[in-house]
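Take a look at the structure below.
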Amino acid sequence: MFKFLLVVHAIIAASLVTVILMQRSEGGGLGMGGSPSGLMSARGAADFLTRATSILASLFVGLAIVLAVIASMGHNTAKIDPTLARTPPAAAGVLPPPPTAQPTTAPAPASNSAVPLAQ
Numbered sequence: 013m014f015k016f017l018l019v020v021h022a023i024i025a026a027s028l029v030t031v032i033l034m035q036r037s038e039g040g041g042l043g044m045g046g047s048p049s050g051l052m053s054a055r056g057a058a059d060f061l062t063r064a065t066s067i068l069a070s071l072f073v074g075l076a077i078v079l080a081v082i083a084s085m086g087h088n089t090a091k092i093d094p095t096l097a098r099t100p101p102a103a104a105g106v107l108p109p110p111p112t113a114q115p116t117t118a119p120a121p122a123s124n125s126a127v128p129l130a131q
């Protein structure tokens, strides 16, 4: 049920974006193309797109609230299981691992030796 509503919510969101982009702004919307002639009059298209935007926005917000309620009801609070908690090695009777041998390094160069600068 939750996944179905989530898919419907995504479809509504995509439709809302499409309807908003089709509306005419100051420079003309994506769907109008700037020409006044077409199947629908400019005023009828504006009324339809305005109604569609308000309906899709209401559905989007309402479905978002429903999805939030469903998600919160399905989440059960559980007690943390302390049986896997770590105990200190000394308390458990386990000895710490032996130290590894330190790698030998070359002696550091003397600090009073001059280093030639790159030309």
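Per our numbering, the very first residue in the sequence shown carries number 13; after that it's consecutive.
From the three backbone atoms N, C-alpha and C, an ideal C-beta is built for every residue, glycine too.
> So which of F14, I92, V20 has the shortest CA-CA distance to L68?
Replying inline: V20
> Which word fits I24, buried or exposed, when buried means at least 16 other C-beta atoms lie within 10 angstroms of its C-beta?
Replying inline: buried
>> Between which residues of its own chain and L79 is the CB-CB distance below 8 Å, once the five residues before and five after are set aside?
In response: F14, L17, L18, H21
>> Relative to the C-alpha of D59, which candidate in I77, A76, R36, V81 has its C-alpha closest?
In response: R36
> Under a Cβ-count criterion, where at least 16 other Cβ atoms within 10 Å of its own Cβ denotes burial, should V31 be classed as buried or exposed?
Replying inline: Classified as buried, V31 has 16 or more neighbouring CB atoms from the shown chains inside 10 Å of its CB.
>> Taking the straight line between their C-alpha atoms, what separation do you get for V81 and M34?
In response: 32 Å
> By DSSP, does L51 sit in helix, in strand, or in coil?
Replying inline: Model confidence at L51 stands at a pLDDT of 48, short of 50, so the residue's coordinates are unreliable and nothing is read from them.
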